[in-house]
Structures are given as C-alpha cells and as structure tokens.
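In this note's numbering, the protein residues as written are 17 to 112.
From the three backbone atoms N, C-alpha and C, an ideal C-beta is built for every residue, glycine too.
Quick caveat, the model's predicted, so the values are computed rather than measured.
What follows is a short report on a single structure.
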C-alpha cells in the first residue's frame, strides 16, 4: 500500500517494526508509524453499533468474527434543571 492507512496494530508489534527499521514514526499524538515496505490490501470490514438510551449511550466496533472495542457513556441526568437554574440566574442578573 502506498501511503494509505492500514488497520491498527499492537504497541509491541509497532515497537518491533521500529527497532528492525521497517517503520518510521510519522506522528507522536496519536502515535502513527509508516511502514517502509509494501503490503497487501489488509483492511477489515468494521461495523459501528450505537445504542442510544435515556441515561446511557453504548457503542461497539465489531468485525465478522470478533468485537474490537465496546464502551458505555453515562449521560448527565440533571441538565434540564441546570438549564432552568441558569435561566433564572440570568434573568436576575439582567442577561436574558
């Protein structure tokens, strides 16, 4: 592949490739390396699943065979009350 993005790899494999001088560091944050040799088209088909709930949002990235990553985000529950307090405070101070 000529300059195109490939799939992610483990930090240990990246370290070995750098030590063997088969790759160079392109960027440190996020950590990106570029291979010095040609590879085949080794991209996997990924699917992003999102489940939106009232108090949580769940997401997962999967391939045909396995789950790569999944996590859950907890939403704030008192946003409407906080916005109402902000509006009242703004009216008192003459902002709104």
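Query	Result
Could you name the residues of the same chain whose beta carbon sits closer than 6 Å to that of residue 67, not counting the 5 residues immediately before and after it, in chain order?	74
Classify residue 57 as helix, strand or coil using the three-state DSSP reduction.	coil
Can you tell me the Cα-Cα spacing of residue 64 and residue 78, whole angstroms?	7 Å
How many angstroms separate the CA atom of residue 92 from the CA atom of residue 72?	9 Å
So, for residue 60: in the same chain, excluding its five sequence neighbours on each side, which residues have a beta-carbon less than 7 Å away from its beta-carbon?	23, 79
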